[in-house]
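Worksheet for the structure shown next.
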Amino acid sequence: MTPRIKNFVIFLIIAISIIIVYIFFIKKGPEEAPLVSVLSTTTTTADLSPNSSLLTQDFLSILLNVKNIKLNDAIFNDPAFISLSDSSILLTPDGTEGRPNPFAPIGSDPQVSAPLNTSVPPAATLSSENPSILPDDSGSAEAQ
1 MTPRIKNFVI
11 FLIIAISIII
21 VYIFFIKKGP
31 EEAPLVSVLS
41 TTTTTADLSP
51 NSSLLTQDFL
61 SILLNVKNIK
71 LNDAIFNDPA
81 FISLSDSSIL
91 LTPDGTEGRP
101 NPFAPIGSDP
111 QVSAPLNTSV
121 PPAATLSSEN
131 PSILPDDSGS
141 AEAQ
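Residue 1 is where the sequence shown starts when you use full-length UniProt numbering, and the numbers rise one by one after that.
Structure follows, in structure tokens:
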């Protein structure tokens, strides 16, 4: 290749790369439409299309139908309803959930000594002849 053609090819490659860099990295994209559109509040009923007028009439008729619904409140005088009682349980906090300061470093918590229940109920006794365990009526396990 002659030096003149070689220089032209190098210049062309550099020019194309500069154009590509400009298009992808520097040039701003087209303005995007906002995600929220604002409707003008100065519209009158004459500006409404026939479709929106029909929709408005349908909505109003449904709204009036809902307004005319009458509920029978005789259920509140029924003995079954009156005999219902509140069985909600009042939950009291235990106070031992988690650490006092969960953001403190591990090991810097104040030591709270709580009495430990070390008594263990007798679980079961096993016989050497028959190792099966069956519960008796008193709730403790007994070997058979």
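Glycine included, each C-beta is placed from N, C-alpha and C at the ideal position.
Ends of the alpha helix (DSSP H) at residue i?
i, result
"residue 176", "No answer is possible for residue 176: it lies beyond the span of the chain, which begins at 1 and ends at 144."
"residue 62", "50-67"
Is residue i close to chain E, meaning its C-beta is less than 8 Å from at least one C-beta of that chain?
i, result
"residue 5", "Absent from the structure is chain E; it holds one protein chain and no more."
List the whole-angstrom C-beta distance separating residue i from residue j, where the pair is believed to meet the contact cut-off of C-beta under 8 Å.
i, j, result
"residue 100", "residue 109", "6 Å"
"residue 81", "residue 89", "The pair is not a contact, with the Cβ atoms about 22 Å apart (cut-off 8 Å)."
Return the chain-ordered list of same chain residues with a C-beta closer than 7 Å to the C-beta of residue i, the five sequence neighbours on each side being excluded.
i, result
"residue 54", "none"
Beta strand (DSSP E) runs contained entirely in the region 71-96, provided each spans 3 or more residues | Segments of the beta strand (DSSP E) lying fully in the region 71-96: there are none.
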